[in-house]
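Peer 1: My structure is below; once you've seen it, I'll send some questions.
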Amino acid sequence: MRLKLEARSHTPQAVVYLTPVLAALLTALAGALLFAALGYPPLEALHAFFVQPLSTANGLAEIGVKATPLVLIAIGLSIGFRGNVWNIGAEGQLVMGAVAGGAVALAFYEVEGWWLLPLMTLAGALGGMAYGAIPALLKTRFNASEILTSLMLTYVGVLFLSYLVHGPLMDPQGFSFPQSRLFHDDALLPTLGYTRLHLGAAVALFVVLAGWFVMARTLIGFQIKVIGLTPAAGGYAGFSQKRVVWLSFLVSGGLAGMAGLFEVAGPIGQLTPSISPGYGFTAIIVAFLGRLHPVGILLAGLLMALSYLGGETAQIELGLPLAMTGVFQGMLLFFLLGADVFTRYRLRIGSPKAAVAAAKAAPKPAEEGA
Amino acid sequence: MDLLVNFIVIMLGAATPLIFAAIGELVAEKSGVLNLGVEGMMLMGAVAAFAVTLTTGSPLLGLLAAMAAMTAMALIFGVLTLSLLANQVATGLALTIFGIGLSSFVGQGFVGKPVQAVAAVDLGWLTQLPVVGRVLFGQNPLVYLALAVVAAVAWFLYRTRAGLILRAVGESHHAAHAIGYPVIAIRYGAVAFGGAMAGLGGAYLSLAYTPMWVENMTAGRGWIALALVVFATWRPWRVVAGAWLFGGVTILQLHAQGAGVAVPSQLMSMLPYVATIVVLVLISRDETRIRMNAPASIGKPFHPER
Amino acid sequence: MSEKSWNITRRTVLGLAAGAVAIGAAMVGPFAGSAQAADPLKVGFVYVGPIGDHGWSYQHDQGRLAVEKHFGDKVKTTYVENVAEGADAERVVNQLAQSGHKLIFTTSFGFMNPTAKVAKRYPDVKFEHATGYTRADNLATYSGRFYEGRYPSGIIAGRMTKSNTIGYIAPFPIPEVVSGINAFVKGLHAVNPDAKVKIIYVNAWYDPGKEREAAETLVAQGADVLVQHTDSAAPMQLAEEKGLTAFGQASNMAQFGPNAQATAIVDDWSGYYIERVQAVMDGTWTSGDVWGGLDSGMVALADYGPKVPAEVREEVDAVVAKIKSGELHIFTGPIKDNQGVERIKAGETATDEQLLSMDWYIEGIDAQLPKK
């Protein structure tokens, strides 16, 4: 017996929604086997991973906190990825946004005013944009691959932050420890009730909507998609690859910078040497897991956040080593990405000849299964 | 003179894991597959080599185990991206997450244990020769092996028919397919080779360079290796040049620090990254030459019907 | 576009899947479920690194294991490893407090403000933060006087160096590291005023490759003794390979340098952890700031390596005894910094606050700390 993949010309809605469910079930099954093999109660482990973090209001808020930077960055990245622009350095842009916005907070230390947070946010976005502009400039002016430049600039950005908190931005009352002052109240994002869910989450939701609108309903979104599919075609339509590169880097850099600012003005509350546990890289996965679609990205971001929180819960409740969280996350992603194949291809069982015959027999194969 | 010899020796050692990982990734990318899982594969290679060497007492078996295990891991990536046509970028990153987790899990029992290392060669009077002795005849065998692999890859890609086919597959999979080449099989092979080399790069760290196992011991070298492939504009010998440049600038800034240069260490540590960018910018200006080397269908999934 | 179709047999897929399961099953280690008793005291630990770093976090986990061994089923310990010093830390600490842990150790400086925030929310839970300075009624701080181990190391280095050049591999220019360098140089120059120290910051707490490169560079610049404040054994291995002398960090590294290791500065948290768990059980826990040195055993020197001559051992043993008895305080004035500014007056000793925030190099170091 042979299996064969056949391209779909049209993806039925049911398949779009069912494949992630299938992947989740497969992950749960494989995870249960894995945990059982290691001597952990499989159902309790799965419960700790997927249910327990969602069982309290605070848990839900924490997922929002964790997902906010991932979604913000991934939305920005998805624009570039659609246009075949590879910004691998969102982590660096996040850091520089945090630095720029954080510097504003420190410059106006203990100055009161409603204008401070908007100013910080603007500075954060501009900081990320400016840092994203470097690879864009090097790409458009000197043809240097943005994959390399944006990745290398991430290391530079993290070292720059380290330099600042070890030197110029160090807390004068902080016993020479590498950290800035704690931001004062007017420089901190308002939070929801007693939780840490901050205004940045609302901004992220707004960006999801805006991202959807731009890509689906505006000319510029159309242009990006066309350039991504066939770079040459862009020329005829009167817009250039260069413009797409600039646009992608400015938008994704700006959003990453804003995400960085939200981290330091939200849950962290100061500048420290490590403000992101790799959000800029994880967001790349989130972008593709969400199929580069804003709503998909939102869901993917929430799922990734859940898997991190679930890993912590499993460690605390069951003593499951952190290493297993990585293995489990990897498996989850493998299944999700692998199952995606069914949205684009249909599985046929039987000999190739039979499949061809079946295809010929069916008047409109594309409509099947809808 | 002594300082220069020392400098070259240190640089060669530092560059070797990058060369291994980058040359493997280069072959995969030349066939049109972008595998961002290098960091995870290096870590798994490091722990596999360490575990097998410690258990069997044979570093050779350790190296083979690292290559075999990473071939297998690369095949997971292959099944997902080549057979199931999953997105290569996301799958590669997932492979890294998976590899970091699995390596630390496998390595739990091996932390803090010494292992029989792969020792540097000693050719007697040849190694004792002034200046050239240590540089040419006193390195770790794996340092030579890395360069030999680069030479072999360069020969394979540009001097053999099989290499030509591999490049053709990376250039236009549809055209290659139409001529009758097995696109998917060739890509599986290239990805497996990439995995084996990443495994060797990791094994070099855990068996030769710093013979031990600690979690996350690659510390980002897989990412640098990925950048070096781009830096090299997909030319094998330029991978070596890039790794030497990166390693060389790293050692230079360490020398400057040791000599007491009064520049904050964070700014000094930026230098290798900045230098790589600057050199890339300088060599990228000739657009046409880069276009010719970059595999045109990199990262794009191949399905014969589309 | 093409005629060939893409095929796999189902057997291939199943075979691969079965193989993956077999590999997974082969990696099974023996994991026993922890024993449960009536209301054991739940104690939580938060680590910044993986316990597999064989350094800082590893040593804290050794302390946790000592607590388990000492109290048996009267305690239940939990650890969360590799917690990033950012937004994640507060959530993890909060979750530990929420899930019934009554005593929580957070073991990295970057956890200070997150721990303080959670401590405010859970007045009934006791918190202990390592290497910080923010305290509350239910938040104590603790740290080791690591510099007390550095001074004797400096004496050994001063006696053993032939090239009069010492290589020092440091992670970041923070006070704990700087006070360690100063204490080392003070010991070094007490016995060998001509010896020079070369310092390289690798900007990482552990990165074996980078540490090796720094160590090799220092050796190329003439160092024959290596000191490290980074966690991995890579510099020790290099010293062994080249027949040099080195000092272990955080844990005893003798297995990586059986000939090279002169001694190691070992962090031993087990005594403190057992004491504090006992205090919570007895209801006698109070907040405070504990700095354990050689005297308390929180900082310990590993056994001398084979290369340390008998007379040097005697000399260092005497110094260690004096430090333990309090007769010798390492930072006793007059002490000038390397810019000539007097930092500690004659007859005075450095206060804990001065030690905690040390941001100057002592006289005799040819290097600069970054200006603020």
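Protein chains in written order, with numbering that gives the first Met the number 0: chain A, 0 to 369; chain B, 0 to 305; chain C, 0 to 371. Every residue, glycine too, gets a C-beta built ideally from N, C-alpha and C. Since the structure is predicted, the reported quantities are computational estimates derived from the model, not experimental observations.
Pick helix, strand or coil for V213 (chain B), following the three-state DSSP scheme.
Peer 2: Translated into the one-based positions of the second sequence, residue 213 (chain B) becomes position 214. V213 (chain B) falls in the coil class under three-state DSSP.
Peer 1: For P303 (chain B), which residues from the same chain have a beta carbon less than 7 Å from its beta carbon, with the 5 sequence-adjacent residues on both sides left out?
Peer 2: As a working mapping, residue 303 (chain B) is identified with position 304 in the second sequence. H176.
Peer 1: Using a beta-carbon distance cut-off of less than 9 Å, what residues from the region 69 to 100 of chain B approach chain C?
Peer 2: Those residues of the region 69 to 100 of chain B that come within reach of chain C (Cβ to Cβ, closer than 9 Å) are A71, L74, I75, V78 and S82.
Peer 1: So which residues on chain A does I276 (chain B) lean against when the C-beta distance must stay under 8 Å?
Peer 2: By 1-based counting over the second sequence, the position of residue 276 (chain B) is 277. Going along chain A in sequence order, the residues near I276 (chain B) (Cβ under 8 Å) are L137, A143, L147, T148, M151 and L152.
Peer 1: Return no unless some Cβ of chain A is closer than 8 Å to the Cβ of R90 (chain C).
Peer 2: If you number the third sequence from 1, residue 90 (chain C) lands on position 91. So, interface residue.
Peer 1: Just by C-beta distance, which residues in the region 147 to 175 of chain C are closer than 8 Å to chain A?
Peer 2: If the cut-off is 8 Å between Cβ atoms, the region 147 to 175 of chain C has F171, P172, I173 and P174 near chain A.
Peer 1: Indicate the three-state DSSP secondary structure (helix, strand or coil) for V196 (chain C) in the structure shown.
Peer 2: What you label residue 196 (chain C) is simply residue 197 of the third sequence in a count that begins at 1. It is a strand residue.
Peer 1: Mind listing the chain B neighbours of E215 (chain C)? Cutoff is C-beta to C-beta under 7 Å, in chain order.
Peer 2: Numbered from its first residue, the third sequence carries residue 215 (chain C) at position 216. Neighbours of E215 (chain C) on chain B, chain order: I9.
Peer 1: Nearest-angstrom Cα distance between G98 (chain B) and G329 (chain A)?
Peer 2: To locate residue 98 (chain B), count along the second sequence from 1; it is residue 99. To locate residue 329 (chain A), count along the first sequence from 1; it is residue 330. The alpha-carbon atoms of G98 (chain B) and G329 (chain A) are separated by roughly 8 Å.
Peer 1: Which first and last residues belong to the alpha helix (DSSP H) in which E90 (chain A) is found?
Peer 2: Position 91 of the first sequence, counted from the start, is the residue given in the question as residue 90 (chain A). Taken as a continuous stretch (DSSP letters only), the alpha helix (DSSP H) holding E90 (chain A) covers A89 to A106.
Peer 1: Can you name the start and end residues of the alpha helix (DSSP H) that Y278 (chain A) belongs to?
Peer 2: Reading the first sequence from its first residue, position 279 is the one you call residue 278 (chain A). Y278 to L288 is the extent of the alpha helix (DSSP H) around Y278 (chain A).
Peer 1: Distance cutoff 8 Å, beta carbons only. Does I361 (chain C) sit that close to anything in chain B?
Peer 2: Reading the third sequence from its first residue, position 362 is the one you call residue 361 (chain C). Taking Cβ atoms only, chain B never reaches closer than 8 Å to I361 (chain C), which makes this a no.
Peer 1: Give every residue of the same chain whose Cβ lies closer than 7 Å to the Cβ of T342 (chain A), excluding the five residues on either side of it in the sequence, and list them in chain order.
Peer 2: Here residue 342 (chain A) refers to the residue found at position 343 when the first sequence is read from its first residue. Closer than 7 Å at Cβ, skipping near neighbours: T10, V14, V15 and T18.
Peer 1: Can you give me the start and stop residues for the beta strand (DSSP E) that V42 (chain C) sits inside?
Peer 2: Here residue 42 (chain C) refers to the residue found at position 43 when the third sequence is read from its first residue. From DSSP, the beta strand (DSSP E) with V42 (chain C) extends over L40 to V45.
Peer 1: So, for A65 (chain C): in the same chain, excluding its five sequence neighbours on each side, which residues have a beta-carbon less than 6 Å away from its beta-carbon?
Peer 2: Locating residue 65 (chain C) in the third sequence gives position 66, where the first residue counts as 1. Cβ within range, chain order: S269.
Peer 1: Could you tell me how far apart the beta carbons of L53 (chain A) and A31 (chain A) are, in whole angstroms, since I believe they sit closer than 8 Å?
Peer 2: If you number the first sequence from 1, residue 53 (chain A) lands on position 54. If you number the first sequence from 1, residue 31 (chain A) lands on position 32. The Cβ separation is near 19 Å, so there is no contact.
Peer 1: Between which two residues does the alpha helix (DSSP H) holding R323 (chain C) run?
Peer 2: The residue labelled residue 323 (chain C) in the question sits at position 324 within the third sequence. Reading off the sequence, residue 323 (chain C) comes out as Lys, not Arg. It spans A309 to S324 - the alpha helix (DSSP H) in which K323 (chain C) sits, taken as one unbroken run.
Peer 1: Less than 8 Å between the beta carbons of M66 (chain B) and G198 (chain B), yes or no?
Peer 2: Position 67 of the second sequence, counting from 1, holds the residue named residue 66 (chain B). Position 199 of the second sequence, counting from 1, holds the residue named residue 198 (chain B). For M66 (chain B) and G198 (chain B), yes; Cβs fall inside 8 Å.
Peer 1: In chain C, which residues lie less than 7 Å from E24 (chain B) when you measure between Cβ atoms?
Peer 2: Within the second sequence, numbered from 1, the residue matching residue 24 (chain B) stands at position 25. The premise fails here: E24 (chain B) is roughly 18 Å from chain C at the closest Cβ pair, so nothing lies under 7 Å.
Peer 1: May I ask which residues mark the beginning and end of the alpha helix (DSSP H) holding V184 (chain C)?
Peer 2: Translated into positions along the third sequence, residue 184 (chain C) becomes position 185. Per DSSP, V184 (chain C) belongs to the alpha helix (DSSP H) from P174 to V190.
Peer 1: E84 (chain C) touches chain A at which residues, Cβ-Cβ below 8 Å?
Peer 2: Taking the first residue of the third sequence as 1, we reach residue 84 (chain C) at position 85. Per Cβ cutoff of 8 Å: T271, P272 and S273.
Peer 1: Kindly indicate the opening and closing residues of the beta strand (DSSP E) around F126 (chain C).
Peer 2: To locate residue 126 (chain C), count along the third sequence from 1; it is residue 127. K125 to A129 is the span of the beta strand (DSSP E), which, as asked, contains F126 (chain C).
Peer 1: Spell out the partners DSSP gives S142 (chain C) in its beta bridges.
Peer 2: Here residue 142 (chain C) refers to the residue found at position 143 when the third sequence is read from its first residue. Partner(s): C:W290.
Peer 1: Within 8 Å (strictly less), CB to CB, does P19 (chain A) reach chain B?
Peer 2: In the first sequence, the residue the question calls residue 19 (chain A) occupies position 20. Answer no: the Cβ-Cβ gap between P19 (chain A) and chain B never drops below 8 Å.
Peer 1: Quick one: which residues of the region 162 to 184 of chain A get their C-beta closer than 8 Å to a C-beta of chain B? List them in chain order.
Peer 2: From the region 162 to 184 of chain A, only Y162, H165 and G166 have a Cβ closer than 8 Å to chain B.
Peer 1: What is the rounded straight-line gap between the Cα of E311 (chain A) and the Cα of A97 (chain A)?
Peer 2: For the purposes of this step, residue 311 (chain A) is taken as residue 312 along the first sequence, with counting starting at 1. For the purposes of this step, residue 97 (chain A) is taken as residue 98 along the first sequence, with counting starting at 1. Their Cα atoms are separated by approximately 26 Å.
Peer 1: Is R345 (chain A) close to chain B? Criterion is C-beta to C-beta, closer than 8 Å.
Peer 2: The count along the first sequence starts at 1 and reaches residue 345 (chain A) at position 346. Chain B, which has no Cβ nearer than 8 Å to the Cβ of R345 (chain A), makes this no.
Peer 1: Assuming L81 (chain B) is part of the alpha helix (DSSP H), what are its boundary residues?
Peer 2: Taking the first residue of the second sequence as position 1, residue 81 (chain B) is located at position 82. Segment: none, L81 (chain B) is in no alpha helix (DSSP H) and carries neither H nor E.
Peer 1: Using a Cβ-Cβ distance cut-off of 8 Å, determine whether T77 (chain C) contacts chain A.
Peer 2: Counting from one through the third sequence, the residue named residue 77 (chain C) turns up at place 78. T77 (chain C) counts as touching chain A.
Peer 1: Find the residues of chain A that neighbour S356 (chain C), judging by a C-beta separation of less than 7 Å, and give them in chain order.
Peer 2: As a working note, residue 356 (chain C) is residue 357 in the third sequence. Simply F174 and S175.
Peer 1: Out of C:G148, C:F110 and C:R158, state which residue places its alpha-carbon closest to the alpha-carbon of L138 (chain C).
Peer 2: Within the third sequence, numbered from 1, the residue matching residue 138 (chain C) stands at position 139. It is C:F110 whose Cα lies nearest to the Cα of L138 (chain C).
Peer 1: Would you please verify whether the beta carbon of M216 (chain B) is less than 8 Å from any beta carbon of chain C?
Peer 2: As a working note, residue 216 (chain B) is residue 217 in the second sequence. It does; some Cβ of chain C falls within 8 Å.
Peer 1: How long is the line joining the alpha carbons of G79 (chain A) and I9 (chain B), rounded to whole angstroms?
Peer 2: For the purposes of this step, residue 79 (chain A) is taken as residue 80 along the first sequence, with counting starting at 1. For the purposes of this step, residue 9 (chain B) is taken as residue 10 along the second sequence, with counting starting at 1. About 40 Å.
Peer 1: Please say whether V228 (chain B) and G32 (chain B) have beta carbons closer to each other than 8 Å?
Peer 2: Here residue 32 (chain B) refers to the residue found at position 33 when the second sequence is read from its first residue. Here residue 228 (chain B) refers to the residue found at position 229 when the second sequence is read from its first residue. The sequence as given places Val at residue 32 (chain B); Gly does not occur at that position. Result no, Cβ atoms of V32 (chain B) and V228 (chain B) do not sit closer than 8 Å.
Peer 1: Under a CB-based cut-off of 8 Å, is R237 (chain B) close to chain A?
Peer 2: For this step, residue 237 (chain B) is matched to residue 238 along the second sequence. It does not: the Cβ of R237 (chain B) has no partner Cβ on chain A nearer than 8 Å.
Peer 1: Let me confirm a value: R120 (chain C) is counted as buried when at least 16 other C-beta atoms fall within 10 Å, else exposed. Which label applies?
Peer 2: Stepping through the third sequence from its first residue, residue 120 (chain C) is reached at position 121. The residue is exposed, with fewer than 16 neighbouring Cβ atoms inside 10 Å.
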